[in-house]
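K.L.:
Protein chains in written order, with our numbering: chain A, 11 to 194; chain B, 6 to 459; chain C, 2 to 198. I have a structure I would like to understand better, so I am pasting it below and will then ask my questions one at a time.
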């Protein structure tokens, strides 16, 4: 369908592109975990590809299918100008579930990556706020993993006070703004 | 169940360990549903330690030792405005917001995990409850995804009915969005106008499927059943009455000085910013980007109907209101054209391994009986693979990413909710606005917590 | 803790235990019983709901207060979003574990007498979400007077529930909250000594 995308990536990244498939009309490109960030940045900035939308970031746990590596992080990209879509997948092993974050490429990956961390335990290096987003903060475990039982609940004694999302530098900046009276 | 005695002072409140609720079946790992830490028994001994009893003075909902000259306001998950359960904690300098941190997850109902435990057809009621303002659009989105994975095409009649009821659901969604947005700004009358229209669409949906809201009318392979004989007349009656309600709201609000002052220039967003944040739907179109999936990647003959995509300019709250009002009118245009051209025929694909055979075949032929048996016991068997299917839901691109392992239950379903991307930038964009702008902004973004948290 | 009692057991217990402290007056003569009846009638006819709406049931609640079904005719028109000003908590929608402490906090901020209607199957028992983040019924944290089944319950169902609650109040029955309070006091009297007045 969008063969030029696969060709472009193969030319640029060579060995890093592990597999390309085109089932059900969706182009899927498996890339190596170490170059995921470069691939995504290239997809956005290349004048031929121009993937300006990162529609979705999610993950799949292949434990039930005997997958190796266990997880795969999935990025769905869309280009408004060319109208093409691509799915970038990258295998993530269970022993080292870390991937480079794409928040500096598209701002929309922010909460999607937090959700992947919450549900699967895959950390995104370079994310400004790697914290649980959907489950409560006293939740233990990662719910969408295949070995997590569906009805195991955890007690939630108190709501999160959210103060830990403000770094000291950010607080300094806020205080400075108030002192200067910029909000008037 | 143990309930704490609230007539005593907090200091002498007895803190007891609650008995876990007795479920119908034992827990799979053999332990209690709650993982209880070992804690001392009285409150005095527990000072400084996380306790199960929720005491007001211990909770930092509104206090923060570092913010000396700022007021911390917690617009909590339960708030008077008419939107779902999400929380914004604001640090204020007077009325102006210096920092806003949103928190979501207050309606995380584990849709993706639940869908892994049910057959493909039984996931449809769970999809109803994603965007509960327009449930049928979610049904359509999910069923389209599974049909893409199966590689089937549903009959024309089913497609037209999905278009008609889908567009009526979109009108329902926008009516509530506009109505509740205006209630939060103080204009209560329009809420009644909007809900009159919504009640009329509810009547049609109840007649068609049996339920007012959670219709679960879509099925993999078509629809639950054909529409009733008076369907066309009812829809034509609604097509006559709803423009009247929209006009009522329009006359009151569109040129209203107060409304314009409260919504013009509030949270404007440029097109490139909106695209970078992943915005889709009416909010993106208000920013000036004419991206509508029904026009860009048409499905179900949307490109053969004569309708237009309303596009705004600045992306502020006023533009979003105008875009939604016009989208309702365009949706009604589509419904009228689809209704004029409703072909006869079956509403389910003619494959007995996907849609149940008719009852006389089940009772009179061996093939029908076997097909029915297999469908009931094993469900629809979807070939292995993965697919991402997207439709234009009420709020934008609703995507379903399905992974199938070849069995009767999904291996993984991920729902790409449009609200999730839209709500992300509320933190940065609220800085500099005032508290009263928060309600205007949240209403105009149409954040549905069911979709946001799934 | 004792399991949920049958109606007969509750009736027996009520005969033994003193009337709840929020009843008006101490003497049990004609004047005070008539006064109690009037107070019960006034309370049932002017229930101010606090809609703790989280999900789809909140939309059905909006339909109930709209003009087609009109909750105002039953006295419950004044929807107050502040717990300090309302006496009936309608929990409409799924309450998840993250929301549980907030529900408890809101409930505790309400003044007595207070009643709770659990609207919808999600609030009553978790609905069809037997999941890792969903409370299997709000009666894990608050005492519930009326449970309304339905997903979502039709507006007629919710109106029926409010009528049933009104009948319960007019009969002079204590709310579930007061029943549990009395159970606590009966079970462990030495802990529940009220201050000398």
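Using N, Cα and C, we set each Cβ at its ideal position, and we do this for glycine too.
1) Can you list the residues of chain B that residue 92 of chain A reaches, using a CB-CB cut of under 8 Å?
2) Can you name the start and end residues of the alpha helix (DSSP H) that residue 343 of chain B belongs to?
3) Which complete alpha helix (DSSP H) runs does the segment 130-190 of chain A hold, if anything under 4 residues is left out?
4) In the segment 281-303 of chain B, which residues sit with their C-beta less than 9 Å from some C-beta in chain A, listed in chain order?
5) Quick one: which chain C residues come within Cβ less than 9 Å of residue 163 of chain A?
6) Return yes when the C-beta of residue 422 of chain B is under 7 Å from any heavy atom of the ligand COA, and no when it is not.
7) Where are the alpha helix (DSSP H) runs, 4 residues long or more, that stay fully inside the segment 58-122 of chain C, in chain order?
8) Buried or exposed for residue 305 of chain B, please, with buried defined as at least 16 other CB atoms from any protein chain shown within 10 angstroms of its CB.
9) Mind checking which residues open and close the beta strand (DSSP E) that includes residue 200 of chain C?
10) At which residues does the beta strand (DSSP E) containing residue 107 of chain B begin and terminate?
11) If we call anything under 8 Å between Cβ atoms a contact, is residue 15 of chain A one with residue 94 of chain A?
12) Examine the Cβ distances between the segment 224-233 of chain B and the segment 258-270 of chain B and report whether three or more of them are shorter than 8 Å.
13) Using the C-alpha atoms, what's the distance from residue 115 of chain B back to residue 156 of chain A?
14) Based on Cα-Cα distance, which residue from B/89, B/343 and B/292 lies nearest to residue 311 of chain B?
15) Let me see if you follow: with CB-CB separation under 8 Å, is residue 63 of chain C close to chain B or not?
16) To which residues of the same chain is residue 181 of chain C closer than 8 Å at the C-beta, ignoring the five residues directly before and after it?
17) Given a cut-off of 8 Å, decide if residue 116 of chain A and residue 425 of chain B are closer than it, judged by their beta-carbon atoms.
18) If you measure between the beta carbons of residue 403 of chain B and residue 421 of chain B, is that distance less than 8 Å?
19) Would you report the Cα separation of residue 381 of chain B and residue 39 of chain A, rounded to the nearest angstrom?
20) Using a C-beta cutoff of 8 Å, does residue 32 of chain B count as contacting chain C?
21) Please classify residue 378 of chain B: is it buried, with 16 or more other beta-carbons within 10 angstroms of its beta-carbon, or exposed?
22) Since I believe residue 92 of chain A is in contact with residue 60 of chain A (beta carbons under 8 Å), could you give me their beta-carbon distance rounded to a whole number of angstroms?
23) I'd like to know whether the C-beta of residue 95 of chain C is nearer than 8 Å to at least one C-beta of chain B.
24) Is it true that the CB of residue 178 of chain B sits closer than 8 Å to the CB of residue 218 of chain B?
25) Taking C-beta pairs closer than 7 Å, name the residues in chain A that residue 426 of chain B reaches, listed in chain order.
26) Taking C-beta to C-beta, are residue 162 of chain B and residue 350 of chain B nearer than 8 Å?
27) Taking only three categories from DSSP, how would you classify residue 155 of chain C?
28) Just mark residue 73 of chain A as buried or exposed, buried being the case when its beta carbon has 16 or more other beta carbons within 10 Å.
29) Can you tell me the Cα-Cα spacing of residue 155 of chain C and residue 12 of chain A, whole angstroms?
30) Grouping DSSP H, G and I as helix and E and B as strand, with all else coil, what is residue 450 of chain B?
31) Can you say whether residue 134 of chain C is buried or exposed, counting buried as having 16 or more other CB atoms within 10 angstroms of its CB?
32) Between which two residues does the beta strand (DSSP E) harbouring residue 97 of chain B extend?
33) Just how far apart, CA to CA, sit residue 385 of chain B and residue 455 of chain B?
34) When Cβ atoms are compared, which residues of the segment 144-167 of chain C fall closer than 9 Å to chain B?
35) Taking Cβ positions, are residue 64 of chain A and residue 283 of chain B nearer each other than 8 Å?
36) Grab the span of the beta strand (DSSP E) containing residue 419 of chain B for me, first residue to last.
P.N.:
According to the structure shown:
1) The contacting residues do not exist; residue 92 of chain A stays about 11 Å from chain B at best.
2) In the DSSP annotation of this structure, the continuous segment of the alpha helix (DSSP H) that includes residue 343 of chain B starts and ends at 322-345.
3) Those alpha helix (DSSP H) runs which fall completely within the segment 130-190 of chain A and span 4+ residues are 178-190.
4) From the segment 281-303 of chain B, only 281, 282, 283, 284, 285, 294, 296, 301 and 302 have a Cβ closer than 9 Å to chain A.
5) Ordered by position in chain C, the residues that pass the 9 Å Cβ test against residue 163 of chain A are 98, 132, 133, 134, 135, 136 and 137.
6) What this structure holds is no ligand at all, so the ligand COA is not there to describe.
7) Whole alpha helix (DSSP H) segments, 4+ residues: 101-110.
8) That one is buried.
9) Look at the range of chain C in this structure, 2 to 198, and you will see that residue 200 of chain C is not part of it.
10) For residue 107 of chain B, the enclosing beta strand (DSSP E) has its first and last residue at 101-108.
11) Contact check for residue 15 of chain A against residue 94 of chain A passes: the beta carbons are separated by less than 8 Å.
12) Output reads no: the segment 258-270 of chain B does not touch the segment 224-233 of chain B.
13) Computed Cα separation, rounded: 14 Å.
14) It is B/343.
15) For residue 63 of chain C, the answer is yes, since a Cβ of chain B falls inside 8 Å of its Cβ.
16) Only 144 meet the Cβ criterion.
17) Their beta carbons are not under 8 Å apart, which means residue 425 of chain B does not touch residue 116 of chain A by this criterion.
18) Yes.
19) Answer to the nearest angstrom: the Cα atoms are 37 Å apart.
20) Unreliable positioning characterises residue 32 of chain B in this predicted model, as indicated by a pLDDT of 37, which lies under 50. A coordinate reading is not provided.
21) Residue 378 of chain B counts as exposed, since fewer than 16 other beta carbons sit within 10 angstroms of its beta carbon.
22) So it is a contact: roughly 6 Å between Cβ atoms.
23) Yes, its Cβ sits closer than 8 Å to a Cβ of chain B.
24) No, they are not a contact pair.
25) The answer, in chain order, is 118.
26) For residue 162 of chain B and residue 350 of chain B, yes; Cβs fall inside 8 Å.
27) In the structure shown, residue 155 of chain C adopts coil according to DSSP, grouped into three states.
28) Exposed, by the Cβ-count rule.
29) Residue 155 of chain C and residue 12 of chain A have their C-alpha atoms some 49 Å from each other.
30) Residue 450 of chain B: helix per DSSP, three-state reduction.
31) By the 10 Å Cβ count, residue 134 of chain C comes out buried.
32) DSSP places residue 97 of chain B inside the beta strand (DSSP E), whose first and last residues are 92-98.
33) If you take the alpha carbons of residue 385 of chain B and residue 455 of chain B, they lie about 27 Å apart.
34) For the segment 144-167 of chain C, which is checked against every Cβ of chain B, the residues closer than 9 Å are 144, 152, 153, 155 and 156.
35) The answer is yes: Cβ separation under 8 Å.
36) Residue 419 of chain B: member of the beta strand (DSSP E) spanning 417-421, first to last residue.
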